[in-house]
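Colleague:
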Amino acid sequence: MIIAPSLLNSKLYEFKKNIKIFREYHINELHIDIMDGCFVPDQANGPKLIQDIRPLTDLLFDVHLMIDKPEEKIANYLKVGADSITFHIEATSDAMYIINTIKEAKVEAGIAVNPGTSLYSIIEILPYVDRVLVMTANPGRSGERFHDGAVDKIKKLSELRENSDYQFIIQADGKVDKSVVRDLEKAGCDHIVSGGYIFNSDSPGKQIDKLQKEMKAYGK
């Protein structure tokens, strides 16, 4: 299991300093949240942010679109240096069009599901995606808690992947901290996205280290 720090909770003026920390702790990818104020209440980031920071690092950019009707805006994110783009099944009625558009640009395609959304909603597109992002808290809402039911969802998804010989990566995003790492890894999660736990502290490096030690203690 690997850690993908979420830049939503970071201070962008400290990006270069954080890049050095990421290298020290062998971080290979960054999670970049995009919010439109429609699909989720808050607004944050856009294609310009990705374009501005792309020259500063060769880390993989995993872009998470929390936007309504992503099919209308996906082209803007294919031009700025994203390596992977994930959109929400709840935000569109044309998921396959978006997946095909992303893949035609030689970018990984991912699908995200909110805590209240059943896996049945994405069952038909699982053979075509590279990533499945399981939201472990409702997106774009302050004061949210970690949803324990998401762990069961990840376990079912992992079993489905194994039984069907699918190749997608399973990610967990939302209120992920040290206390839930073992449960997520045991369920079959491959990547954890962590923002507030890492950056709402005086030492992001120490927080990453705590997560990595917890993963190591589990034995994987």
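FYI, in this note's numbering the residues of the sequence shown are 17 to 236.
C-beta atoms are modelled at their ideal positions from N, C-alpha and C, and glycine is treated no differently.
In this text, all values refer to a predicted model and were calculated from it rather than measured experimentally.
So, using beta-carbon positions, are H163 and V129 closer together than 9 Å?
Modeller: Against a cut-off of 9 Å, the Cβ pair of V129 and H163 comes out as no contact.
Colleague: For the alpha helix (DSSP H) holding Q67, just list the boundary residues, first then last.
Modeller: Where Q67 is concerned, the enclosing alpha helix (DSSP H) starts and stops at 63-69.
Colleague: Quick one: give me the first and last residue of the beta strand (DSSP E) that M151 is part of.
Modeller: 147-151
Colleague: Just the Cα atoms here: how many angstroms apart are L176 and K33?
Modeller: 40 Å
Colleague: Express the C-alpha separation of G212 and E201 in angstroms, rounding to a whole number.
Modeller: 20 Å
Colleague: Write down the C-beta distance between V197 and M151 rounded to the nearest angstrom, noting that I regard them as a contact closer than 8 Å.
Modeller: Not confirmed; about 17 Å, so no contact.
Colleague: Counting along the chain, where does the alpha helix (DSSP H) carrying A8 start and finish?
Modeller: Missing from the structure shown is residue 8; the chain here goes from 17 to 236 and no further.
Colleague: Restricting to Cα atoms, I'd like to know which of A107, I35, D189 is closest to D206.
Modeller: Taking only the C-alpha atoms, the option nearest D206 is D189.
Colleague: Going by the CB atoms, is the gap between L94 and A111 shorter than 9 Å?
Modeller: Pairing A111 with L94 gives a Cβ-Cβ distance that is not under 9 Å.
Colleague: Which residues share a DSSP beta bridge with G126?
Modeller: T102, R147
Colleague: Looking at C-alpha atoms only, which residue of K172, R39, N92 is the closest neighbour of G204?
Modeller: K172
Colleague: Here's the rule: buried if 16 or more other CB atoms are within 10 angstroms of the residue's CB, otherwise exposed. What is H47?
Modeller: By the 10 Å Cβ count, H47 comes out buried.
Colleague: May I ask you to report which of helix, strand or coil DSSP gives V79?
Modeller: strand
Colleague: What does the Cβ neighbour count give for R39, buried or exposed, with the cut at 16 atoms within 10 Å?
Modeller: exposed
Colleague: Which runs of the alpha helix (DSSP H) spanning at least 4 residues fall entirely within the segment 188-226, listed in chain order?
Modeller: 197-203, 212-215
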